[in-house]
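Residue numbers (full-length UniProt numbering): 1 to 122.
Written out as structure tokens, the structure is:
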């Protein structure tokens, strides 16, 4: 018995001879930007900027879990912006009653609990 050999092109021609192929359109992809994906540049209106730790507010828990490092920027009209190190907003801006924060102070912004580490001098 002799081996059966055909070329690659002949194989695919034979494979598709009885089949009708219908071209499929590429799916359309819509990119929607959310407020968390947008980088925020508030350096022009920022009065103070703090380096901080942030984490979800967990009432009733004894041990706090910090999710990451970030910046707490406070504008001249006492609006606090919490962002991660890349500049993405983590919570909606919130008005603060007191802006005299020191290292170790803890405040809550939205659903996030924030601990001030130091004043950012840059």
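A virtual CB, placed ideally from N, CA and C, is assigned to each residue, including glycine.
Predicted model only: the values in this text are computed from it and were never measured.
key: Best match in 63, 76 and 50 for proximity to residue 70 [C-alpha to C-alpha]   = Indexing the chain shown from 1 puts residue 70 at position 70. The shortest Cα separation from residue 70 among 63, 76 and 50 belongs to 50.
inquiry  = Beta-carbon within less than 6 Å of residue 106's beta-carbon, same chain only, minus the 5 sequence neighbours each way: which residues are those?
reply    = Residue numbering aside, residue 106 sits at position 106 when the chain shown is read from its first letter. Here the set comprises 115.
task = Look at the alpha carbon of residue 61 and the alpha carbon of residue 48, and state the distance between them as a whole number of angstroms.
result = Within the chain shown, the letter at position 61 stands for residue 61. Within the chain shown, the letter at position 48 stands for residue 48. The alpha-carbon atoms of residue 61 and residue 48 are separated by roughly 31 Å.
ask   = For residue 89, which option in 119, 72 and 15 has the closest C-alpha, if you only look at C-alpha atoms?
value = Stepping through the chain shown from its first residue, residue 89 is reached at position 89. Residue 89 has its Cα closest to that of 72, out of 119, 72 and 15.
Rounded straight-line distance, which links the Cα of residue 118 to that of residue 63 = To locate residue 63, count along the chain shown from 1; it is residue 63. To locate residue 118, count along the chain shown from 1; it is residue 118. If I take the Cα positions, the gap works out to 22 Å.
inquiry  = Can you find the residues in the same chain that come closer than 7 Å, C-beta to C-beta, to residue 93, ignoring five residues on each side of it along the sequence?
reply    = Residue 93 sits at position 93 when you count from the first residue of the chain shown. Contacts found: 79, 80 and 81.
ask   = Where does residue 92 sit, in a helix, a strand or coil, going by DSSP?
value = Residue numbering aside, residue 92 sits at position 92 when the chain shown is read from its first letter. Of the three classes helix, strand and coil, the one that applies to residue 92 here is coil, per DSSP.
Per DSSP, cross-strand counterpart(s) of residue 115 = Counting from one through the chain shown, the residue named residue 115 turns up at place 115. Its beta-bridge partners are 53 and 106.
Where the beta strand (DSSP E) through residue 82 begins and ends = For this step, residue 82 is matched to residue 82 along the chain shown. That run of the beta strand (DSSP E) goes 79-84.
ask   = Alpha carbon to alpha carbon, what distance is there between residue 74 and residue 120?
value = The residue given as residue 120 occupies position 120 in the chain shown. The residue given as residue 74 occupies position 74 in the chain shown. If I take the Cα positions, the gap works out to 12 Å.
ask   = What residues in its chain sit with their C-beta under 6 Å from that of residue 99, if we drop five residues either side in the sequence?
value = As a working mapping, residue 99 is identified with position 99 in the chain shown. If we look at residue 99 and ignore the five residues flanking it on each side, its Cβ neighbours are 74 and 78.
message = Distance check for residue 113 and residue 65, CA to CA, integer angstroms please.
response = Translated into positions along the chain shown, residue 65 becomes position 65. Translated into positions along the chain shown, residue 113 becomes position 113. If I take the Cα positions, the gap works out to 10 Å.
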